Amino acid sequence: MRLILASLSMLLLVAAAPAPDPLLEKVIAGARAVTPATTAFERTARTVSKDEKGATETRVRVDRWDGNQLVPVSIDGKPPTAEQLAEMQKATAGRPVPGYHRVADFLKNGAVRVPDPQGRTVYRVTGLPKGTVNIGKDISSNLVGEAVVDTSGPQPYVSRLRVYLPKPLSFFMVAKLDAYEQINEYRLGPSGKPALFKALQAMSGAQFGKAGSTRTEATYNALR
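Converting from the sequence shown to the working numbering requires adding 5 to each position, the first position being numbered 1.
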């Protein structure tokens, strides 16, 4: 009897295995081929922070990735100070470099094709890889990602990736994240490979009873 039950269990596991998706496999392989070491870009990011009284603060930062390291070029139009350089090195230590290669990490585990009213090819993944989004707390596992695939050329690629928080999230007993959304747009770069060229990140919430929001718009200029 035990042998029969074990055999039935194995059959159920085999039956439950998802069928291979050739298109998804091509997209993931294409993203893996665009390694950080083979790319270079300059990023200009404009961040607007707003408090509960409506007061705003705007910061503009320019960074450059040379294939080896991410270096700040200017902050609010001025060269970064030694203190600002140290802060950035600490903030970015161990975090992935932005770029099209990250698409493979998003889609390789659990991505499923979903219906789209506009007739586009869309894949959804629930729960992103650890370390994808950290806002003082890693919220990656709480996020949902939706990738739109451009199939018009010989090599399909993700042209738009939207990451969002499906419901409010409370943490540390003193903070609440009401909304989070990030939209990355990709297009073919000078090398003919997909590259990140625009990103939007917006979030709102409260901490210690004080509400606020931030919105960052970034443009990426591919250098190779």
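Yeah, the Cβ is synthetic: ideal placement off N, Cα and C, and Gly gets one too.
Quick caveat, the model's predicted, so the values are computed rather than measured.
Item	Value
Does the separation of the CB atoms of Phe3 and Ala227 fall below 8 angstroms?	For residue 3 there is no data in the structure shown, the boundaries of the chain being 6 and 229.
List the DSSP bridge partners of Asp155.	Tyr162
Just mark Val19 as buried or exposed, buried being the case when its beta carbon has 16 or more other beta carbons within 10 Å.	The predicted position of Val19 is uncertain, since its pLDDT is 49 and thus under 50; no value can be drawn from it.
Assuming Leu29 contacts Ala116 under a Cβ cut-off of 8 angstroms, what Cβ separation, rounded to an integer in Å, is found between them?	6 angstroms
Taking the straight line between their C-alpha atoms, what separation do you get for Gly217 and Ser196?	41 angstroms
Just to check my reading of the structure: Gly104 and Val39 have Cβ atoms closer than 8 angstroms, yes? What is that Cβ distance to the nearest angstrom?	7 angstroms
Could you have a look at Arg57 and say whether DSSP puts it in helix, strand or coil?	In the sequence under discussion, the amino acid at residue 57 is Glu, which differs from the Arg named in the question. In the structure shown, Glu57 sits in coil (DSSP, three-state: anything other than H, G, I, E or B).
Do Leu148 and Tyr169 have their C-beta atoms closer together than 8 angstroms?	yes
Mind checking if Met178 is an interface residue toward chain C, Cβ cutoff 8 angstroms exclusive?	Given the protein chain composition of this structure (a single chain), no chain C is represented.
Along the chain, where does the alpha helix (DSSP H) containing Ile140 start, and where does it finish?	Where Ile140 is concerned, there is no enclosing alpha helix (DSSP H), given that its DSSP letter is neither H nor E.
Grab me the residues of Pro41's own chain with a C-beta within less than 8 angstroms of its C-beta, minus the 5 sequence neighbours each way, in chain order.	Trp70, Gly72, Val102, Gly104 and His106
Under three-state DSSP, which class holds Phe46?	strand
Within this structure, are the beta carbons of Pro199 and Tyr162 separated by less than 8 angstroms?	yes
Could you give the distance in angstroms between the alpha-carbon of Leu201 and the alpha-carbon of Asn114?	21 angstroms
Just confirm the distance between the C-beta atoms of Arg51 and Glu222, as a whole number of angstroms; I'd bet it's less than 8 angstroms.	5 angstroms
Using the beta-carbon count (16 or more within 10 Å), is Gly124 buried or exposed?	exposed
For Val108, which option in Ala34, Gly214 and Leu193 has the closest C-alpha, if you only look at C-alpha atoms?	Ala34
Would you tell me roughly how many angstroms separate the C-alpha atoms of Pro159 and Val179, rounded to the nearest one?	50 angstroms
Keeping to the same chain, check which residues put their C-beta closer than 7 angstroms to that of Phe176; ignore five residues upstream and five downstream.	Lys142
Would you decide whether Gln187 is buried or exposed? Buried here means 16 or more other CB atoms lie within 10 Å of its CB.	buried
Start and end of the alpha helix (DSSP H) containing Thr97?	Ala87 to Thr97
Give every residue of the same chain whose Cβ lies closer than 6 angstroms to the Cβ of Gly132, excluding the five residues on either side of it in the sequence, and list them in chain order.	Ser146
Asp68: buried (16+ other C-beta within 10 angstroms of its C-beta) or exposed?	buried
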